[in-house]
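First up is the structure itself, then whatever we jot down about it.
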Amino acid sequence: MRLIHTVEELRSELSVSKSAGKKVGFVPTMGALHQGHLALVNRSVAENEVTVVSIFVNPTQFNDKSDLENYPRTLEADVQLLQPLGVDIVFNPLVGEVYPEPDTRVFDFSPIDSVMEGYYRPGHFNGVCQVVSKLFDMVQPHRAYFGEKDFQQLAVIRAMVNRLNYPVQIIGCPIVREPDGLAMSSRNQRLSTEDREIALKISHTLFKSCIFAESNGVAETVNFVEGSIISQPGLTLEYFSIVDGDMLQPVKSWEEASRIIGCIAVFCGGVRLIDNIKYKEA
Ligand code: PAF
6 MRLIHTVEEL
16 RSELSVSKSA
26 GKKVGFVPTM
36 GALHQGHLAL
46 VNRSVAENEV
56 TVVSIFVNPT
66 QFNDKSDLEN
76 YPRTLEADVQ
86 LLQPLGVDIV
96 FNPLVGEVYP
106 EPDTRVFDFS
116 PIDSVMEGYY
126 RPGHFNGVCQ
136 VVSKLFDMVQ
146 PHRAYFGEKD
156 FQQLAVIRAM
166 VNRLNYPVQI
176 IGCPIVREPD
186 GLAMSSRNQR
196 LSTEDREIAL
206 KISHTLFKSC
216 IFAESNGVAE
226 TVNFVEGSII
236 SQPGLTLEYF
246 SIVDGDMLQP
256 VKSWEEASRI
266 IGCIAVFCGG
276 VRLIDNIKYK
286 EA
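Residue numbering for the sequence shown is 6 to 287, as defined by the working numbering.
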């Protein structure tokens with residue numbers, strides 16, 4: 006496994022594999038790796054001859070400066086976690102390497118990117134598209150792997166790849182949860198023991214809402230989830246929306262779309278957590 010910091014080195018390392026016709030899988034990350042990331046990596050290693058993992062905390066996707074400053078950076082531990090998995094290249098560029106000059110490109114995949122995370126974190130998806138498009142240009146992977154915990158991000162990236170004709174297959178991988186149900190996230194590291202216990206209410210409420218939804222409508226299910234989160238001291242609900250799985254627009258009935266998902270964002274002890282649950286799959 007090689008740890009590479011520059012685009013030049015990355016390109017020369019990959020050109021050998023590419024001219025040998027090898028398939029390249031790519032897992033973009035911001036580091037602070039957990040089992041959710043490792044599941045993406047394992048899948049890429051299983052499906053491709055070469056796997057590249059990027060570790061880059063992308064400043065352009067943070068609309069909150071203190072969130073960027075507090076984002077965990079654990080490169081040494083990350084490299085150790087990746088070592089036994091069969092990864093070929095870890096790409097860890099400096100900000101100036103990715104952005105030699107400010108990226109002024111504007112991406113607009115409305116309405117997919119204007120609801121939920123797009124509404125509450127203005128500019129976030131623009132930053133995600135800026136960095137992912139640059140990383141795709143640098144790595145030129147055949148396949149790229151993203152977690153479904155960031156369900157909206159996955160939809161935005163699919164839209165970008167479609168719009169820009171990137172020759173890359175986007176593969177969404179299921180949420181990985183802790184044994185007690187908490188969706189794995191790099192941000193979980195910032196939860197105190199007490200807050201982590203409180204945060205469990207988020208996934209538990211989503212699980213219960215699936216059963217509730219079997220005999221209730223969409224509006225009742227929204228009320229059920231909102232009520233449960235709001236009544237839990239220590240949690241502050243930002244949004245909960247039940248949307249169709251493609252354009253991510255709110256639905257009014259379970260019949261309205263073939264894929265329906267509930268997406269939630271909640272603050273717990275100053276940490277912003279997101280999660281989602283599938284009510285209906287095609
Ligand atoms: O999901 C993430 O960790 C980031 O948004 C990504 C895709 C690596 C882009 O910085």
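Quick reminder that beta carbons are idealized off the backbone N, C-alpha and C, glycines included.
I'd like the list of long-range same chain contacts for residue i, defined as Cβ closer than 6 Å, with 5 residues on each side in sequence excluded.
| i | result |
| --- | --- |
| Ser233 | Thr210 |
| Val272 | A quick correction: the sequence has Phe, not Val, at residue 272. Hits under 6 Å: Thr241. |
| Val276 | Arg192, Arg195, Leu196 |
| Arg163 | Ile175 |
| Ala25 | none |
| Ser214 | Thr226, Phe229, Val230 |
Out of the options, which one is the CA nearest neighbour of residue i?
| i | options | result |
| --- | --- | --- |
| Val29 | Asn68, Ala44, Val92, Gln85 | Val92 |
| Val46 | Ala25, Leu86, Asn193, Gly239 | Leu86 |
| Cys134 | Ser258, Gly101, Leu169 | Leu169 |
| Pro109 | Gly128, Ile175, Ser119 | Note that residue 109 corresponds to Thr in the displayed sequence, not to Pro. Nearest option by C-alpha distance: Gly128. |
| Val120 | Cys215, Met6, Ile247 | Ile247 |
| Lys70 | Arg126, Phe114, Ala82 | Arg126 |
| Glu219 | Tyr284, Lys257, Ala25, Pro105 | Tyr284 |
| Pro107 | Val136, Pro89, Glu199, Tyr124 | Val136 |
| Arg17 | Ile94, Leu80, His42 | Checking the displayed sequence, the identity of residue 17 turns out to be Ser instead of Arg. Of the candidates Ile94, Leu80, His42, the one whose C-alpha sits nearest the C-alpha of Ser17 is Ile94. |
| His42 | Asn167, Phe212, Leu90 | Leu90 |
| Glu199 | Gly239, Glu14, Ala82, Ala51 | Gly239 |
Quick one, are the C-beta atoms of residue i and residue j less than 9 Å apart?
| i | j | result |
| --- | --- | --- |
| Ile265 | Phe245 | no |
| Val32 | Thr56 | yes |
| Leu186 | Leu205 | Here the sequence assigns Gly to residue 186, which means Leu is not the residue at that position. Cβ atoms of Gly186 and Leu205: closer than 9 Å. |
| Glu122 | Phe130 | yes |
| Gly274 | Leu159 | no |
| Gly177 | Phe151 | yes |
| Val103 | Lys139 | yes |
| Ile279 | Gly267 | no |
| Asn68 | Lys27 | no |
| Pro98 | Val21 | no |
| Ser263 | Ala224 | no |
With DSSP as the reference, please indicate the residues paired to residue i in a beta bridge.
| i | result |
| --- | --- |
| Pro33 | Ser59 |
| Pro255 | Val248 |
| Thr210 | Bridge partners of Thr210: none, in fact. |
| Val276 | Cys273 |
| Val160 | The sequence as given places Ala at residue 160; Val does not occur at that position. DSSP lists no partner for Ala160. |
| Gly267 | Ile247, Ile282 |
| Gln8 | Contrary to the premise, residue 8 reads as Leu rather than Gln in this sequence. According to DSSP, which records beta bridges pairwise, Leu8 is partnered with Val95. |
| Lys125 | Residue 125 is actually Tyr in this sequence, not Lys. BP columns for Tyr125 are empty, so no partner. |
| Ala149 | Phe31, Ile175 |
| Ala218 | None; Ala218 has no bridge partner. |
| Ala188 | Arg182 |
| Leu240 | Cys273 |
With a cut-off of 8 Å on the beta carbons, I'd call residue i and residue j a contact; round off their distance for me.
| i | j | result |
| --- | --- | --- |
| Val144 | Ala44 | So it is not a contact: roughly 20 Å between Cβ atoms. |
| Val173 | Arg148 | 7 Å |
| Ser59 | Phe96 | 4 Å |
| Val84 | Leu19 | Actually they are not in contact, since the Cβ atoms of Val84 and Leu19 sit about 19 Å apart, beyond 8 Å. |
| Met189 | His39 | 5 Å |
| Asp249 | Glu260 | The pair is not a contact, with the Cβ atoms about 11 Å apart (cut-off 8 Å). |
Within the same chain, show all residues whose beta-carbon is closer than 7 Å to that of residue i, passing over the 5 residues directly before and after it, in chain order.
| i | result |
| --- | --- |
| Pro116 | Met252, Gln254 |
| Phe217 | Thr226, Phe229 |
| Gln237 | Ile203, Lys206 |
| Lys257 | Val223 |
| Pro179 | Glu153 |
| Asp118 | Phe130, Val161 |
| Phe156 | Ile266, Cys268, Asn281 |
| Gln88 | Met6 |
| Val100 | Pro64 |
Quick one: what's got a C-beta closer than 8 Å to residue i's C-beta in the same chain, skipping five residues either side?
| i | result |
| --- | --- |
| Val62 | Met35, Gly36, Leu73, Tyr76, Arg78 |
| Ile235 | Leu242 |
| Lys23 | Val29, Gln145 |
| Met165 | Phe112, Phe114, Cys134, Val137, Ser138, Tyr171 |
| Pro105 | none |
Taking 9 Å as the threshold (beta carbon to beta carbon), is residue i in contact with chain C?
| i | result |
| --- | --- |
| Arg192 | Included in the structure is just one protein chain, with no chain C present. |
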